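*Asks:* Below you will find the structure I want to go over with you.
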Amino acid sequence: MNARAQLLRVLLPVLLVLIAAAGLSAQGGLIQGGLKTALYTGLTQGGLKTALYTGLTQGGLKTALYMQQQPPAGGFDFPDEEDDAPTWTDDLRAQALDLALVSAFLVLAFVSFFRKSVKLKYVTLVAAVAFLGVSKSLLISIVNVFGLLGGNLPIFRPNLAWYLLAVVTLVSTILWGRVYCGRICAFGAFTQLVDAVVPDRFKWNVPRALEMRASWIKYGILGAVLAYFVVTRDPLIYPYVEPFWMFGLHLRTPVLLGMLGTLLIASIFVRNLYCRFLCPLGAFLGVLSSVTTVFRIKRWSECSTCKICQKACEWGAIDGPRIIKSECVRCDDCERLYDDTKKCPHHLILIRKADILARRGPIATG
Ligand code: SF4
Ligand code: SF4
């Protein structure tokens, strides 16, 4: 087992303990109530947009504080919950369109994945940005990781589309690796599209040794953000480590906008900068896929000397004969090369051998 795999295996239990502690901490926060809790609740109940409807950022901090502290004149007038409680049918009807659209998007994503079609992949990336990002702000967040492993999951019935996305993310990561990162995450899709339109002459190819080292930064951020949450119970750290809020642009503080602008500009010059080096959720999915991936990418015996795939991989996920599962986002670029009988030495060698045998003619027997 190589050094990285060994280290990941050591890190995994530590991360799980941190994450479980973070989840328990989050539960404590929910019981205590307060503004931060309101945001956390929103985040775990269906994505970033929901969080913004909790009042924390929608009306500004002062408004949210005032609303928390000042009951309206005449006291609170809550509706009779028993009479107005929505039925399953009501919930399903209200979410039917969302469910259908998210399902259709996921079908598109997996058809493009299984068919290894470049065209379909880019259609999926555009759909991820436009639909999951701009229209729905439906992304899996590091805050959901606190909730997931702490047993503090969103309320099920009002958040069916979020559950569909979360379950597909988890199951697909276990089966194939970081498919979520490769074609479902709206921010990852956005940076891949930026990369596709920026001419190569503007891009800085991070030297291999630096790339390998820098890919560890995201694991450091994941550990740090979980430790921070365990200690402080403050989920408001998330916009400082995740730019996903940009799809709603709700958190417009000068510092955050400055950080976002810097990241987006840097992403023009360094491909997949955030995903490769900085994303704590990508790190979490990377740790998960490095220990679970069931269906791995095949390798030929020739892969140990041939570097064509390694050079083609834009994620720094190939190291000689080995696929680094924690970094691979199942983009298919290397798999298309494996299947290319004109480029992959495995096929070229087989074809040459067949030629030689054919030229020798049939071997006389008897
Ligand atoms: S690494 Fe992070 S930002 Fe990139 S695709 Fe994965 S979850 Fe999204
Ligand atoms: S080129 Fe291959 S190893 Fe690299 S990210 Fe894509 S699928 Fe994974």
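Using my numbering, the first residue of the sequence shown is number 2, and each one after it goes up by one.
Ideal Cβ positions, reconstructed from N, Cα and C, are used throughout, including at glycine.
Treat the numbers as computed from the prediction; the structure is a model and nothing was measured.
(1) Assuming Ala284 contacts Arg184 under a Cβ cut-off of 8 Å, what Cβ separation, rounded to an integer in Å, is found between them?
(2) Beta carbon of Phe278, beta carbon of Lys219: below 7 Å?
(3) Measuring only the C-alpha atoms, how far is Ile141 from Asp334?
(4) With H, G and I counted as helix, E and B as strand and the rest as coil, what does DSSP make of Asp99?
(5) Pick helix, strand or coil for Asp333, following the three-state DSSP scheme.
(6) Does ligand 2 have a heavy atom nearer than 6 Å to the CB of Val330?
(7) Drop a sphere of 10 angstroms on the beta-carbon of Ile308, count the other beta-carbons inside from all chains shown, and report buried for 16 or more, exposed for fewer.
(8) Taking Cys329 as the reference, give the member of Ala167, Gly178, Phe147 with the closest Cα.
(9) Would you mind stating whether Thr174 and Ser290 have Cβ atoms separated by less than 7 Å?
(10) Taking just the CA atoms, how far does Cys345 sit from Ser302?
(11) In this structure, does DSSP put Asp320 in helix, strand or coil?
(12) Does the distance from the C-beta atom of Leu373 to that of Val198 stay below 7 Å?
(13) Would you mind sorting Ala355 into buried or exposed? The rule is 16 or more other CB atoms within 10 Å of its CB.
(14) Between the C-alpha atoms of Leu257 and Cys280, what's the straight-line distance to the nearest angstrom?
(15) Taking the alpha carbon of Thr306 as the point to measure from, which residue in Ser327, Val295, Ile319 has its own alpha carbon closest?
(16) Under 6 Å from any heavy atom of ligand 1, by CB: list those residues in chain order, please.
(17) Can you give me the Cβ contacts of Gln371 inside the same chain, cut-off strictly under 8 Å, excluding the 5 residues immediately before and after it?
(18) Report yes or no: do the stretch 110 to 129 and the stretch 206 to 219 share at least 3 C-beta pairs separated by less than 8 Å?
(19) Is any heavy atom in ligand 2 found nearer than 6 Å to the beta carbon of Trp316?
(20) What's the gap between the Cα of Leu358 and the Cα of Arg337?
(21) Decide if Val295 is buried, meaning its Cβ has at least 16 other Cβ atoms within 10 Å, or exposed.
(22) Could you have a look at Lys326 and say whether DSSP puts it in helix, strand or coil?
(23) Counting only runs that start and end within the stretch 224 to 265, where is the alpha helix (DSSP H) found for 4 or more residues in a row?
(24) For Lys343, which residues from the same chain have a beta carbon less than 7 Å from its beta carbon, with the 5 sequence-adjacent residues on both sides left out?
(25) Span of the alpha helix (DSSP H) holding Pro200?
(26) Just to confirm, does Cys335 get its C-beta within under 6 Å of one of the non-hydrogen atoms of ligand 2?
(27) Determine the DSSP secondary structure at Glu315, reduced to helix, strand or coil.
(28) CB of Ile324 to nearest heavy atom of ligand 2: below 6 Å?
(29) Compute the minimum distance between the beta carbon of Ile319 and the heavy atoms of ligand 2, and state whether it is under 6 Å.
(30) Assuming Ser268 and Val207 are in contact, meaning their beta carbons sit under 8 Å apart, how far apart are those beta carbons, in whole angstroms?
(31) What residue range is occupied by the uninterrupted alpha helix (DSSP H) comprising Ile156?
(32) Looking only at its own chain, which residues have a Cβ that is under 7 Å from the Cβ of Phe245, when we skip the five neighbours before and after it?
(33) Using CA atoms only, rank isn't needed, just tell me which of Ser327, Gly148, Val103 is closest to Lys137.
(34) Consult DSSP for Thr294 and reduce its assignment to one of helix, strand or coil.
(35) Does DSSP put Thr125 in a helix, a strand or coil?
(36) Taking 7 Å as the limit between beta carbons, can you name the residues of its chain near Gly61, skipping five residues before and five after?
*Replies:* Let me spell this out:
(1) About 19 Å separates the beta carbons of Ala284 and Arg184, which is beyond the 8 Å limit, so they are not a contact pair.
(2) For the pair Phe278 and Lys219, the CB atoms are nearer than the 7 Å cut-off.
(3) Going by the C-alpha atoms only, they are around 25 Å apart.
(4) Asp99 falls in the helix class under three-state DSSP.
(5) Three-state result, Asp333: coil.
(6) Within 6 Å of the C-beta of Val330 there is at least one heavy atom belonging to ligand 2.
(7) The displayed chain sequence assigns Lys, not Ile, to residue 308. Counting the other CB atoms within 10 Å of its CB gives Lys308 a total below 16, which places it among the exposed residues.
(8) With distances taken between Cα atoms, Cys329 lies closest to Gly178.
(9) Yes; because the gap between Cβ atoms is below 7 Å, this pair is in contact.
(10) Spanning the two alpha carbons is a distance of roughly 12 Å.
(11) In the structure shown, Asp320 sits in a strand (DSSP, three-state: E or B).
(12) Because the chain here runs from 2 to 367, residue 373 falls outside it and cannot be looked at.
(13) Result: exposed.
(14) Leu257 and Cys280 have their C-alpha atoms some 16 Å from each other.
(15) Thr306 has its Cα closest to that of Ile319, out of Ser327, Val295, Ile319.
(16) Result (chain order): Cys182, Cys186, Phe188, Gly189, Tyr275, Cys276, Cys280, Leu282, Gly283.
(17) Because residue 371 is not part of the residues shown, which for the chain are 2 to 367, the question remains open.
(18) Segments in contact, no.
(19) Within 6 Å of the C-beta of Trp316 there is at least one heavy atom belonging to ligand 2.
(20) Those two C-alpha atoms are separated by around 28 Å.
(21) Residue environment for Val295: exposed (fewer than 16 other C-beta atoms within 10 angstroms of its C-beta).
(22) Coil, per DSSP.
(23) Taking only runs of at least 4 residues, the alpha helix (DSSP H) segments lying wholly in the stretch 224 to 265 are 239 to 242.
(24) Nothing listed; no residue qualifies.
(25) Here Pro200 belongs to no alpha helix (DSSP H), and DSSP marks it neither H nor E.
(26) Taking 6 Å as the cut-off, the C-beta of Cys335 counts as close to a heavy atom of ligand 2.
(27) Coil.
(28) At least one heavy atom of ligand 2 is nearer than 6 Å to the Cβ of Ile324, so yes.
(29) Taking the Cβ of Ile319 as the reference point, at least one heavy atom of ligand 2 falls within a distance shorter than 6 Å.
(30) That belief does not hold up - the Cβ atoms of Ser268 and Val207 are roughly 13 Å apart, past 8 Å.
(31) Careful: Ile156 lies outside any alpha helix (DSSP H) and carries neither H nor E.
(32) So the qualifying residues of the chain are Leu49, Leu140, Ser142, Phe188.
(33) Nearest C-alpha to Lys137: Val103.
(34) Coil.
(35) Of the three classes helix, strand and coil, the one that applies to Thr125 here is helix, per DSSP.
(36) Here the model assigns Gly61 a pLDDT of 32, short of 50, so the residue's position is not dependable and the matter cannot be decided.
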